[in-house]
Amino acid sequence: MAELPAGASSGSAQAHGRRANRRSYHDGALVDGYVDDPYHRVRRAVAARLMVDDVLGGGPVLELGCGPCSMLDPAELPVPLVVADMAEAALGAARAAAGQALPVCLDATRGLPFRAGSFAGLLTGELIEHVYDPVALLRECHRVLAPGGLLVLTTPNLATVQDRLAFLAGRAPRQVDP
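Residue numbering for the sequence shown follows the UniProt record's numbering, starting at 1 and increasing by one per position.
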């Protein structure tokens, strides 16, 4: 396990990681390329279908880390949709794409600002690999889900052919922040 520099604490390392993620995220190029990639478009559609098919009611659905486009279409859900992201600009675009969804700006690494058991479903795509403490994020997802609620979580597979070729060519796989 890597050691922290002298004088650094795990709290400062976590804060540094948050700032680095925000910089790469707000840059836009990484996110825009992801949204337009056909491979990821199919992955997002499959994840959304799982949520739409299994959440029949009982409470709203939260899409955590929606980015500039929601994976879910509120017209296909029998319940309200809340879209959440740390970037205001992404939320504006997501709201335009998702129609009547309620946008919430939040930092998922600092706890979710919702009561326990608030959501019948929670969808988060390609977010967990960007947080410093994924276990804390999973605990928060569990806390805000109603009993029997559905969590659909996706994370990239770095063993895909295109990512292996990128690595061999000296480039970082597209899902990994350099």
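Even for Gly, the Cβ is constructed at its ideal location relative to N, Cα and C.
Residue environment: residue 130 is assigned as buried (16 or more neighbouring CB atoms within 10 Å of its CB, all protein chains considered). Inter-residue distance for residue 57 and residue 151 is about 14 angstroms (C-alpha atoms, whole angstroms).
Close CB contacts of residue 153 within its chain, under the 7 angstroms cut and outside five residues either way in sequence, are with 124 and 128 (chain order). Taking each of 55, 143 and 132 in turn and checking the Cα distance to residue 76, the smallest one comes out for 55.
In the DSSP assignment, residue 168 falls within the alpha helix (DSSP H) that extends over 161-168. At a Cβ-Cβ threshold of 7 angstroms, residue 52 and residue 84 do not count as neighbours. Assignment of residue 152 by DSSP, reduced to helix, strand and coil, places it in the strand class. Residue 145 sits in a strand when the DSSP states are folded into three classes.
Residue 120 has no beta-bridge partner at all, per DSSP.
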